[in-house]
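Asker: Numbered continuously in my numbering, the sequence shown closes out at residue 477.
Every residue gets a Cβ at the ideal spot worked out from N, C-alpha and C, and that includes glycine.
Below you'll find the structure I mean.
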Amino acid sequence: MNRYRISFSQRLFWSIFAMFLGFTACFLLFQYQREHEFAEEKLNNMLDNYNHQLYRIISRNNNDIAASVRLFISDISQKDLRVTIIDPQGKVLFDNSDASEFNNHNNRVEVKKARLQQKGFALRKSKTTGIKYYYVATNIGNYIYRSALPWELFTQKALTIDTRFIYFIGIMMLIFFVVLSRFTFSIGQTIARLRDFALNIKSDRISDNDYHFPNDELGDISQNIITLYHQQRKLKRQLTQNVAHELKTPVSSIQGYLETILNNKDLDDTKRQFFLERCYSQSTRLAYLLRDMSVLNRLDEASELFDVAEVNISTMLTEIEKECSQMMEDKKITSTLKIRENLVIKGNYSLLYSIFRNLFDNAIAYAGENTHIEVDGFKEDEDYCYFKFSDNGVGIAKEHLERIFDRFYRVDKGRSRKIGGTGLGLSIVKNAINYHKGQITAESILGKGVTFIFSLKKDCTKKESEAD
Ligand code: ADP
């Protein structure tokens, strides 16, 4: 394993956290900008107000500017307020800074603006004192009253506007950090367990109760994957056991008969003939078993290799009926075909044949004597044909009905083997129907017979339509 790889939960955590940080930073920036503008506007209004107040006080004090300004500043909290009064020509009439010489002030940005729009403000370094000021100039009767505060004071104020807000964001981030890390940690744990499981599959080191997952959707998915894995493993084991079991009986019988023949050189001809016939019948059974297994195998593994052609179902059924006629006659079984003459399905001939042939063979083998078989193409729509295949024989008990399509499942094991059944007939039927994009169900009342109801797509090469 790569030691420097970032785990999924860490990646999830850091990407969500980075996103959160990004959003918070944008929000803070926006908020700071707004607060800044608000503070600037407040400062503007305050200084403009000071200018008007100064004008009034100076007028009241018979134009004793210095005394008026001193009086005014003593009343306010900003002791470092700089006041300048400029006459219409730009000459500085008064300034309370330490500077001793003043040039023409009409070219100052805030003054220019005030001359044009009654009021102007600017943030700049004073050419006279060298200090960075925030200036607000007000034009009253062509005289400019200008109040200014050192910039540091303003920035300090603007920056410390709402520290509570910053604390709030900080606490929120902390909470978010904790919640997010817990959340990603739990996801990470589930994923790590699932990864362990996947790695253990490779080495086949999995026991049934190894894995517990949280009670959420991810847990459900993981639990399902594991359950499916166990089911598949059980099925695989069962299937291997079944195959071995099915092969064992005929092979050991053949071996036994051959041994008898080989060990008894003076066996009479009728007995020898008898044992050879037994051998032949067991080897036929083996051949059937291998044939059925290979059909199922092909359906499982390489269904794309089946040829597709137009198959006339009615003709095929008449053919099957004819092939089975002797067996049916022996058991006094009759049959009716209710299939329209030109019913054509585009599919694989041998699979379609297997479907109907297996159902016929089963009905003949299990339904019993004096029974009747009916094949009914009872419904059709644009894409599908629907069939009912029924007999009125012994039927199948409910508890078996669900399992008859399973591989090697037989209702009456002994009887089925004796008849030559492989236990694969109905699995082939089901898989062949699935190949033709159809479905099959079985209904039965014990003593009244079995009905198989199934559908077949008219053209199994056609893609599913949107409406399906
Ligand atoms: P088999 O090779 O044993 O015939 P199938 O898969 O074809 O295997 O059938 C499974 C079991 O279903 C059979 O063993 C039989 O007991 C039962 N079965 C199938 N068709 C019928 C039927 N028409 N009537 C009664 N039982 C049936």
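Using only the alpha-carbon positions, how far apart do L465 and F369 sit?
Answerer: Answer to the nearest angstrom: the Cα atoms are 17 Å apart.
Asker: Quick check on N209: does DSSP put it in helix, strand or coil?
Answerer: Of the three classes helix, strand and coil, the one that applies to N209 here is helix, per DSSP.
Asker: For R155, report the span of its beta strand (DSSP E) as first-last.
Answerer: Looking at the DSSP string, the run of the beta strand (DSSP E) that includes R155 is 152-159.
Asker: Measuring only between beta-carbons, confirm whether F103 sits less than 8 Å from chain C.
Answerer: Here there is only one protein chain, and chain C is not present.
Asker: Ordered along the chain, which non-local residues of its own chain (more than five positions away) have a Cβ less than 6 Å from that of I382?
Answerer: Taken in chain order, the residues that qualify are S344, A372, D400.
Asker: In the structure shown, what three-state DSSP assignment does A146 receive?
Answerer: In the structure shown, A146 sits in a strand (DSSP, three-state: E or B).
Asker: Measuring straight from C-alpha to C-alpha, what distance separates F222 and K467?
Answerer: Their Cα atoms are separated by approximately 45 Å.
Asker: Measuring CA to CA, which of R191, P97, S135, Y176 is closest to G150?
Answerer: Checking every option, the nearest Cα to that of G150 belongs to P97.
Asker: Is any heavy atom of ligand 1 found at a distance shorter than 7 Å from the C-beta of T279?
Answerer: Outside the cutoff, so no.
Asker: Do you know how far the Cα of Y444 is from the Cα of L557?
Answerer: Past the edges of the chain, shown from 10 to 477, lies residue 557, and the structure says nothing about it.
Asker: For a quick check, are the C-beta atoms of I153 and A146 less than 8 Å apart?
Answerer: Their beta carbons are under 8 Å apart, which means I153 touches A146 by this criterion.
Asker: So what's I85 in DSSP terms, helix, strand or just coil?
Answerer: Here I85 sits in coil by DSSP.
Asker: Quick one: grab the DSSP three-state call for D468.
Answerer: Here D468 sits in strand by DSSP.
Asker: Return the chain-ordered list of same chain residues with a C-beta closer than 7 Å to the C-beta of F29, the five sequence neighbours on each side being excluded.
Answerer: Hits under 7 Å: F185.
Asker: Taking only the alpha-carbon atoms, compute the straight-line gap between F103 and Y144 and give it to the nearest angstrom.
Answerer: Straight-line Cα distance between these residues: approximately 15 Å.
Asker: I178: which of G31, Q282, A296, R281 sits nearest, CA to CA?
Answerer: Ranking G31, Q282, A296, R281 by Cα distance to I178 puts G31 first.
Asker: Could you give the residue range of the beta strand (DSSP E) that holds F398?
Answerer: Taken as a continuous stretch (DSSP letters only), the beta strand (DSSP E) holding F398 covers 393-400.
Asker: DSSP on R91, reduced to helix/strand/coil?
Answerer: Of the three classes helix, strand and coil, the one that applies to R91 here is strand, per DSSP.
Asker: Measuring alpha carbon to alpha carbon, tell me which residue in L80, E319, W23 is nearest G356.
Answerer: When only C-alpha atoms are compared, the closest one is E319.
Asker: Can you tell me whether DSSP reads L102 as helix, strand or coil?
Answerer: Reduced to three states, the DSSP call for L102 is strand.
Asker: Rounded to whole angstroms, what's the CA-CA distance from Q282 to I270? Just pull it up for me.
Answerer: C-alpha separation (whole angstroms): 10 Å.
Asker: Ends of the beta strand (DSSP E) at I234?
Answerer: Run containing I234: none in the beta strand (DSSP E); it sits in the alpha helix (DSSP H), 226-272.
Asker: By the 10 Å Cβ neighbour count, where 16 or more other Cβ atoms means buried, how is G456 classified, buried or exposed?
Answerer: Its Cβ having fewer than 16 others within 10 Å, G456 is exposed.
Asker: Compare the C-alpha of K446 against each of K472, S425, K121 and name the closest.
Answerer: Nearest option by C-alpha distance: K472.
Asker: Which residue or residues does DSSP assign as beta-bridge partners of V320?
Answerer: V320 pairs with I354.
Asker: Alpha carbon to alpha carbon, how far is N272 from L305? Give it in angstroms, no decimals.
Answerer: Going from the Cα of L305 to the Cα of N272 covers about 39 Å.
Asker: By a C-beta neighbour count over all protein chains shown, 10 Å radius and 16 as the cutoff for buried, is I15 buried or exposed?
Answerer: Flag for I15 reads exposed.
Asker: Taking the beta strand (DSSP E) that H381 falls in, what are its first and last residues?
Answerer: Per DSSP, H381 belongs to the beta strand (DSSP E) from 381-389.
Asker: Ligand 1 and G423: does any heavy atom of the ligand fall closer than 7 Å to the residue's C-beta?
Answerer: G423: no, Cβ never under 7 Å from ligand 1.
Asker: With hydrogens ignored, establish whether the beta-carbon of A207 is closer than 7 Å to any heavy atom of ligand 1.
Answerer: Checking every heavy atom of ligand 1 against the Cβ of A207, none is found closer than 7 Å.
Asker: With 16 other CB atoms within 10 Å as the buried threshold, where does L183 fall?
Answerer: L183 should be labelled exposed.
Asker: Buried or exposed: H61, going by 16 or more other Cβ atoms within 10 Å of its Cβ?
Answerer: With fewer than 16 Cβ atoms within 10 Å of its Cβ, H61 is classed as exposed.
Asker: Using a Cβ-Cβ cut-off of 7 Å (strictly less than) and excluding sequence neighbours within five positions of S195, which residues of its own chain qualify?
Answerer: Answer for S195: P223, listed in chain order.
Asker: Per DSSP, which one or two residues make a beta bridge with G458?
Answerer: I454.
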